[in-house]
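Participant: My structure is below; once you've seen it, I'll send some questions.
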Amino acid sequence: MESLLEELQIGHIRSNAAISLSGGERRRVEIARALATSPRFILLDEPFSALDSQTRLAISDEVVDILRREGKTVVLVLHDINFASSYADRIVAMRQGRIAHQGTPAELIRAEVLSPLYELPIDVHEIGGKRICVYYR
Numbered sequence: 001m002e003s004l005l006e007e008l009q010i011g012h013i014r015s016n017a018a019i020s021l022s023g024g025e026r027r028r029v030e031i032a033r034a035l036a037t038s039p040r041f042i043l044l045d046e047p048f049s050a051l052d053s054q055t056r057l058a059i060s061d062e063v064v065d066i067l068r069r070e071g072k073t074v075v076l077v078l079h080d081i082n083f084a085s086s087y088a089d090r091i092v093a094m095r096q097g098r099i100a101h102q103g104t105p106a107e108l109i110r111a112e113v114l115s116p117l118y119e120l121p122i123d124v125h126e127i128g129g130k131r132i133c134v135y136y137r
């Protein structure tokens, strides 16, 4: 547990009151609690929402590194398709509670798949070797 706290950069707050923690620290504690039981499967529902961009990327990189190293199967519920495609091996896109599409990020991050899914005009651009979706009205 100690190494997990250090990897998630929260070892220094172990005795702090919950009310004194920042949003990023609280999120790291929640994730550490989920990982501490050594589950085979982990379901994380919007684990990186409501965080500033820098904290969001730092926490997600830390968590993904730990999960991959531990060989965990993770189901992440995310609404940000660009964020999902940066980390996922496979994406299952839902619409109205049903599976609309599933596949690798390369298979799904295409305008002809995403525009009907989101009912928005979507352009897909490649930046830094990654496909990025841009929607507009």
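As numbered in full-length UniProt numbering, residues 1 to 137 make up the sequence shown, in order.
Where is the CB? At the ideal position from N, CA and C, for every residue including glycine.
#1: Contact defined as beta carbons within less than 8 Å: I believe phenylalanine 48 pairs with isoleucine 66. What is the distance between those atoms, to the nearest angstrom?
#2: To test your reading of the DSSP string, which unbroken alpha helix (DSSP H) runs of 4 or more residues are found completely within the UniProt domain "ABC transporter" (2 to 48)?
#3: For a test of the three-state rule: what should DSSP assign to leucine 117, helix, strand or coil?
#4: Give a yes or no on whether the C-beta atoms belonging to glutamine 102 and valine 113 are separated by under 8 Å.
#5: Would you mind listing the alpha helix (DSSP H) stretches within the region 65 to 99 that are 4+ residues and don't spill past its ends, in chain order?
#6: Alpha carbon to alpha carbon, how far is glycine 23 from alanine 50? Give it in angstroms, no decimals.
#7: Using DSSP with H/G/I as helix, E/B as strand and the rest coil, what is aspartate 123?
Facilitator: Working from what's here:
#1: Phenylalanine 48 to isoleucine 66, Cβ: 14 Å. No contact.
#2: 2 to 7, 23 to 36
#3: helix
#4: no
#5: Correct list: 81 to 87.
#6: Each residue's alpha carbon lies about 8 Å from the other.
#7: strand
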